[in-house]
Amino acid sequence: MKKYDYLIVGAGLFGAVFAHEATKKGKTCLVIDKRDHIGGNIYTEEVEGIQVHKYGAHIFHTSKKEIWDYVNQFTEFNHFVNSPIAVYKDELYNLPFNMNTFHQLWGVRTPAEAKAKIQEQISRMHITHPKNLEEQALALVGQDVYEKLVEGYTRKQWGRECKDLPSFIIKRLPLRYTYDNNYFKDPYQGIPKGGYTRIIKKLLEGVQVCLKTDFFANREELTAQADKILFTGMIDEFYDYCYGELEYRSLRFETEVLDMGNYQGNAVVNYTDYEVPYTRIIEHKHFEFGTQPKTVITREYPAAWEKGKEPYYPINDPKNDELFDKYERRALEEKNVLFGGRLGMYRYMDMDKVIEEALNMAETELTYEEV
Ligand code: FAD
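Pasting the structure below:
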């Protein structure tokens, strides 16, 4: 008999939710992670009394009450509402694109005036079948919004000119004809008091966790310890890249402690012109309405991905999706290996979706086990 029912590779949100549910059902789990901390990309650590989002700004939001109730079991959430600011050269705009933005751009005051202005700019383009991202964006929002708020930011994010990017990257660019700076439409939104790591700690209570343990450094020995594996790392790495490498975009974070109470007056400020090399600056204390004497800011730089760098965003273009299909088909044949999370499923997912997917997997897996 093996020592554990499940070996869970990855102590991120997916692995932790599954481990919690499995433990509740009386299963034994060993969770490993190659990093020196739990939480994966939602990890937060305290600096100067402020919860710092180590891998980029994380705002919890969901439309599903059951998911909101689920996370609220583990910690209390504050009432943070994400209302980012965009800086373009020396101009400042509210996001998402709404009546405040349109007023700042053109001085218009009514939705009818804003709609007429945007419609006039869109029709001037005569774009019926967008051939690339630039044409797609121009056809959706017109010239001014595109040039000041979309072009430079997108170019930085993808490391390519918008003309050279496929149109499918931007399916929609919502325009809001109300004075509403709330970025998310979901009815439930907030930041966990005390940080995200606290949620993961609670989820992993009573579970055996080994950090600084890379699955691939000791694959056979680790596999021998459990009946089944839940793998939340890169699916192509699991299969030794046998069909080829999946591609990602990466990020680089530069964090600084500043000897001042308030640097930018907002949690998230996007820099939309191409000349500024970072895409945004996060001031962490504003996620939790902090009043500490110092502040911590993080500049976020988009970066090319290569093996060894952190894979942040899957590039779900037709080429990569086709490659992933091959890995997925192979994965479906496995009897004792499950794949989950953003890397195992090669899909960007917000935290609420990750929780939902992990709960679904736990339900299918653990109910089936009981029969
Ligand atoms: P991860 O958090 O990546 O966990 C996987 C874990 O597996 C990692 O800890 C990794 O070290 C470990 N691992 C991998 N390979 C191995 C191996 N070989 N051996 C051992 N361990 C291994 N979502 C929101 O809802 N709101 C937001 O505002 C938001 N902002 C985001 C901002 C950025 C910049 C990014 C990149 C994502 C954001 N997300 C946001 C999404 C959120 O980060 C994910 O939903 C979540 O982190 C995914 O959890 P996971 O467990 O699937 O993956």
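Going by the working numbering, the first residue of the sequence shown is number 502, and it counts up by one from there.
Built from N, CA and C at the ideal position, the CB exists for glycine as well.
> To the nearest angstrom, how far is it from the Cα of Asn-683 to the Cα of Ala-558?
Replying inline: Going from the Cα of Asn-683 to the Cα of Ala-558 covers about 16 angstroms.
> What number of angstroms, rounded off, separates the C-alpha of Ile-619 from the C-alpha of Lys-565?
Replying inline: Ile-619 and Lys-565 have their C-alpha atoms spaced approximately 33 angstroms apart.
> If Ala-615 and Tyr-571 are in contact, beta carbons under 8 angstroms, what's the gap, nearest whole angstrom?
Replying inline: In fact, because the Cβ distance is near 39 angstroms, the residues do not count as touching under 8 angstroms.
> How many whole angstroms separate the CB atoms of Ile-543 and Met-852, which I take to be in contact at a CB cut-off of 8 angstroms?
Replying inline: Right, their Cβ atoms sit about 6 angstroms apart.
>> Taking the beta carbon of Lys-672 as the centre, do at least 16 other beta carbons fall within 10 Å, making it buried, or is it exposed?
In response: Its Cβ having fewer than 16 others within 10 Å, Lys-672 is exposed.
>> I need the DSSP call for Lys-729, collapsed to helix, strand or coil.
In response: Note: Lys-729 maps to strand in three-state DSSP.
>> Tell me which residue opens and which closes the alpha helix (DSSP H) that Tyr-594 is part of.
In response: Not the alpha helix (DSSP H): Tyr-594 falls in the beta strand (DSSP E), residues 592–595.
>> Only counting the same chain, and skipping five residues up and downstream in sequence, which positions put a Cβ closer than 7 angstroms to that of Asp-760?
In response: Contacts found: Lys-795.
> Does ligand 1 have even one heavy atom less than 6 angstroms from the beta-carbon of Thr-733?
Replying inline: Yes, the beta carbon of Thr-733 sits closer than 6 angstroms to at least one heavy atom of ligand 1.
> Going along the chain, which residues of its own chain have a beta-carbon closer than 8 angstroms to the beta-carbon of Pro-612, five neighbours each way excluded?
Replying inline: Setting aside the 5 residues that flank it on each side, Pro-612 is surrounded in the same chain by Met-600, Tyr-678, Thr-679, each with a C-beta closer than 8 angstroms to its C-beta; the list follows chain order.
> Who are the near neighbours of Tyr-849 in its chain, counting only those whose CB is closer than 7 angstroms to its CB and skipping five residues on each side?
Replying inline: If we look at Tyr-849 and ignore the five residues flanking it on each side, its Cβ neighbours are Tyr-814, Pro-815, Arg-843.
> Taking 6 angstroms as the line, does the beta carbon of Met-468 fall inside it for any heavy atom of ligand 1?
Replying inline: Shown here, the chain extends from 502 to 872; a query on residue 468 therefore has no answer.
> Going by the CB atoms, is the gap between Glu-757 and Ala-768 shorter than 7 angstroms?
Replying inline: No. Outside cutoff.
> So, is Lys-528 buried or exposed, given that buried needs 16 or more other C-beta atoms within 10 angstroms?
Replying inline: By the C-beta density criterion, Lys-528 is buried, having at least 16 other C-beta atoms within 10 angstroms.
> Taking the continuous beta strand (DSSP E) assigned at Ser-751, which residues delimit it?
Replying inline: Run containing Ser-751: 749–759, per the beta strand (DSSP E) assignment.
> Is Gly-660 near ligand 1, judged by its Cβ being under 6 angstroms from some heavy atom?
Replying inline: Not under cutoff, so the answer is no.
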